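Protein chains: 2
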Amino acid sequence: MSEQNYCYKYPHPSVTADCVIFGFDGVSIKVLLIERGVEPFKGKWAFPGGFMNMDETAEECARRELEEETGLRDASVEQFYTFSDVRRDPRERVITVAHYALVKLSEVKGGDDAASARWFAMDEVPSLAFDHDRILRMALNRLKERICFEPIGFELLPEVFTMTELQNLYEAILEVTFDRRNFYNKMLKLGILMETEPRPDGAARRTPTKYRFNAEKYAELKQKGFRLEF
Amino acid sequence: MSEQNYCYKYPHPSVTADCVIFGFDGVSIKVLLIERGVEPFKGKWAFPGGFMNMDETAEECARRELEEETGLRDASVEQFYTFSDVRRDPRERVITVAHYALVKLSEVKGGDDAASARWFAMDEVPSLAFDHDRILRMALNRLKERICFEPIGFELLPEVFTMTELQNLYEAILEVTFDRRNFYNKMLKLGILMETEPRPDGAARRTPTKYRFNAEKYAELKQKGFRLEF
DNA sequence: CCTTATTGCGTTAATTTTACGCAAAGGTAT
DNA sequence: ATACCTTTGCGTAAAATTAACGCAATAAGG
Numbered sequence: 026m027s028e029q030n031y032c033y034k035y036p037h038p039s040v041t042a043d044c045v046i047f048g049f050d051g052v053s054i055k056v057l058l059i060e061r062g063v064e065p066f067k068g069k070w071a072f073p074g075g076f077m078n079m080d081e082t083a084e085e086c087a088r089r090e091l092e093e094e095t096g097l098r099d100a101s102v103e104q105f106y107t108f109s110d111v112r113r114d115p116r117e118r119v120i121t122v123a124h125y126a127l128v129k130l131s132e133v134k135g136g137d138d139a140a141s142a143r144w145f146a147m148d149e150v151p152s153l154a155f156d157h158d159r160i161l162r163m164a165l166n167r168l169k170e171r172i173c174f175e176p177i178g179f180e181l182l183p184e185v186f187t188m189t190e191l192q193n194l195y196e197a198i199l200e201v202t203f204d205r206r207n208f209y210n211k212m213l214k215l216g217i218l219m220e221t222e223p224r225p226d227g228a229a230r231r232t233p234t235k236y237r238f239n240a241e242k243y244a245e246l247k248q249k250g251f252r253l254e255f
Numbered sequence: 026m027s028e029q030n031y032c033y034k035y036p037h038p039s040v041t042a043d044c045v046i047f048g049f050d051g052v053s054i055k056v057l058l059i060e061r062g063v064e065p066f067k068g069k070w071a072f073p074g075g076f077m078n079m080d081e082t083a084e085e086c087a088r089r090e091l092e093e094e095t096g097l098r099d100a101s102v103e104q105f106y107t108f109s110d111v112r113r114d115p116r117e118r119v120i121t122v123a124h125y126a127l128v129k130l131s132e133v134k135g136g137d138d139a140a141s142a143r144w145f146a147m148d149e150v151p152s153l154a155f156d157h158d159r160i161l162r163m164a165l166n167r168l169k170e171r172i173c174f175e176p177i178g179f180e181l182l183p184e185v186f187t188m189t190e191l192q193n194l195y196e197a198i199l200e201v202t203f204d205r206r207n208f209y210n211k212m213l214k215l216g217i218l219m220e221t222e223p224r225p226d227g228a229a230r231r232t233p234t235k236y237r238f239n240a241e242k243y244a245e246l247k248q249k250g251f252r253l254e255f
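Protein chains in written order, with the numbering used here: chain A, 26 to 255; chain B, 26 to 255.
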């Protein structure tokens, strides 16, 4: 069974799709890594990824990897860059179409191979296999850019969340701090949040108001073209 | 010589790099297209592009295409998306890593095959071969986003230009109009323009001041982190 | 029970954006 | 040449937005 059945006149590179999976635990951004069990880079950590089938797009391939590791089918997945350095894989020429996925940690089930998978906070990520350090840096930059144009933050939060959690998320991604009261005002003024059951009138003020992302309102506003700006 | 010498255990897609080449003639954005001489899509227009060699990155491949068509070696080239739809090429599975290049029209020499190459204004672009309509749309969107973060406009203008030319460029890319006086103030306040010889004191006011992009000043500001915002 | 941290709701000052006025000077048409 | 229109440079004032921060109610912790 070691026949080489697929032959071409010119050499073809292998093509893989990698998936940088981001989550948020209420305090910091986390990324899911897989420990490699084989050479090259045996024992090092890397992103989930694999060879593209001939009947799927790069994004479909990345989604397949995502599902294998997290059980999630409908998370937000976005392609962000294709890495094609000639020697990025020591074995053979491999180019990889890199994606990032944003998942709600609460919905993640252990994947097929939970033993070798682990979530790392951004400041705990070890040196990675292949060129995955570079891939991670670029993924984070894209995340920063994207969150200024689209409310992707909500992909990372539970359905219902507090304003403080939302602020923590923005601060973690953008690596800045905001004045709590200004952030609060700005977010509410955007009009893309809805309060869940309004806190009972006499109830304790200390219990924070819970919000939900208002996708319909956002769709309206997007039509008219609006920026988030932070 | 029709031997099939490169054999693999699994099928591999072909990988190409395409290069959407943008220019600016002082009024509108132009794009360089090549008329296809062979099937499929014979007679239709398409972007320059070609198969990636095994010893070059996607960007190097795109630069090679750029040089073949324009003679330019040091233009700004940026990868923006990889298109991997299963049937995007009717002959075989081909995925393409799409780039855009920004060139100064005055520096473009005719390419190797000038006969079949032509510049089109954006509103004259015909229906294109393959999925190149989609590629163009995405290239334009990326251009719009990018110009809000980095002063890529200067890649499209001559070394020396007037404020009106700069405004026309921004308006053409973003498809908006600005108040001339506000644009003027905003641009000058950014501090990334330098006047060329200050207009002689008694000279005619009607002769517009000529500017030059101040790359050093921009590098400084970028360090501190700044946004362009339009 | 006292201290501290969190939440909600403001206000004010600083800054930025937007809209537009105006004069000098060069072109254009008659 | 003259009258008129356009382009350029330089402002200014109002409107809107951002940034800084005050404060009271109330949980939570010791």
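In this text, a Cβ means the ideal position worked out from N, Cα and C, and glycines have one as well. Keep in mind the model is a prediction, meaning the values are calculated, not measured.
Excluding the 5 residues flanking residue i on each side, which residues of the same chain have their C-beta closer than 8 Å to its C-beta?
i: Y236 of chain A; result: V185, F186, T187, M188, L191, L218, M219, E220 and T221
i: K55 of chain B; result: F47, G48, F49, L130, W144, F145, A146 and M147
i: P36 of chain B; result: R118
i: F203 of chain A; result: Q192, Y195, E196 and F255
i: E92 of chain B; result: R98
i: M77 of chain B; result: V40, T41, A42, A83, C86 and V122
Among residues of its own chain, excluding the 5 on either side of residue i, which ones have a beta-carbon nearer than 6 Å to its beta-carbon?
i: P73 of chain A; result: C44, I59, E90 and E94
i: R61 of chain B; result: K67, K69, A71 and A154
i: L161 of chain B; result: none
i: P38 of chain B; result: R118 and I120
i: R167 of chain A; result: F105
i: K134 of chain A; result: G96
i: S101 of chain A; result: L127 and E180
Taking DSSP's pairing of strands, which residues face residue i in a bridge?
i: H124 of chain A; result: A:C44 and A:Q104
i: I59 of chain B; result: B:A71 and B:A142
i: E220 of chain A; result: A:Y236
i: S109 of chain B; result: Answer by DSSP bridge pairing: none, since S109 of chain B is not bridged.
i: I177 of chain A; result: Beta-bridge pairing links I177 of chain A to no other residue.
i: S53 of chain B; result: For S53 of chain B, which the question treats as bridged, DSSP gives no partner whatsoever.
i: Y31 of chain A; result: B:Y33
i: S39 of chain B; result: B:V119
i: L153 of chain B; result: B:W70
i: V185 of chain B; result: B:R237
i: F76 of chain B; result: B:T41
Is it buried or exposed, residue i, if we count other Cβ atoms within 10 angstroms and call 16 or more buried?
i: L7 of chain B; result: Nothing in the structure corresponds to residue 7 of chain B, since chain B is present only between 26 and 255.
i: R112 of chain A; result: exposed
i: L213 of chain A; result: exposed
i: M79 of chain B; result: exposed
i: D114 of chain B; result: buried
i: Q29 of chain B; result: exposed
i: P25 of chain B; result: Nothing in the structure corresponds to residue 25 of chain B, since chain B is present only between 26 and 255.
i: A240 of chain A; result: exposed
i: V52 of chain B; result: exposed
i: T232 of chain A; result: exposed
i: A164 of chain B; result: buried
i: M116 of chain A; result: In the sequence under discussion, the amino acid at residue 116 of chain A is Arg, which differs from the Met named in the question. That one is exposed.
i: R171 of chain A; result: buried
i: A140 of chain A; result: exposed
i: V201 of chain B; result: exposed
i: V40 of chain B; result: buried
i: V63 of chain B; result: exposed
Kindly give me the distance between the Cβ atoms of residue i and residue j, rounded to whole angstroms, as I take these residues to be in contact under 8 Å.
i: A83 of chain A; j: A126 of chain A; result: About 13 Å separates the two Cβ atoms, so there is no contact after all.
i: E110 of chain A; j: D156 of chain A; result: A quick correction: the sequence has Asp, not Glu, at residue 110 of chain A. Yes, they are in contact, since the Cβ atoms of D110 of chain A and D156 of chain A sit about 6 Å apart, within 8 Å.
i: G216 of chain A; j: L246 of chain A; result: 7 Å
i: L253 of chain B; j: F174 of chain B; result: 6 Å
i: T123 of chain B; j: T107 of chain B; result: A quick correction: the sequence has Ala, not Thr, at residue 123 of chain B. The pair is a contact, with the Cβ atoms about 7 Å apart (cut-off 8 Å).
i: P176 of chain B; j: Y243 of chain B; result: 6 Å
Output needed for residue i: all residues of its chain with C-beta closer than 7 Å, excluding positions within five of it in sequence on either side, in chain order.
i: P151 of chain A; result: W70
i: D226 of chain B; result: In this prediction, D226 of chain B has a pLDDT of 49, which is less than 50 and means its spatial position is unreliable; what the coordinates show is noted afterwards. Excluding sequence neighbours, D226 of chain B sits near nothing in its chain.
i: Y209 of chain A; result: M188
i: D158 of chain A; result: S152
| Interface residues of the stretch 108–119 of chain A facing chain B [CB-CB below 8 Å] | S109, D110, V111 and R118
| message | Please identify, using Cβ separations under 8 Å, the residues of the stretch 75–90 of chain A that lie next to chain B, in order along the chain. | response | So the close ones are F76, M77, M79, D80, E81, T82, A83 and E84.
| request: Using a Cβ-Cβ cut-off of less than 9 Å, list which residues of the stretch 30–45 of chain B approach chain A; keep chain order. | output: Residues are counted here when their Cβ sits less than 9 Å from a Cβ of chain A; for the stretch 30–45 of chain B these are N30, Y31, C32, Y33, K34, Y35, P36, H37, P38, S39, V40 and A42, given in chain order.
| query | Of all the residues that make up the stretch 174–199 of chain A, which are near chain B by a beta-carbon distance shorter than 7 Å? | reply | none
| message | Please identify, using Cβ separations under 9 Å, the residues of the stretch 233–250 of chain B that lie next to chain A, in order along the chain. | response | none
| Where the stretch 121–154 of chain B meets chain A: residues whose CB sits under 8 Å from a CB there | V122
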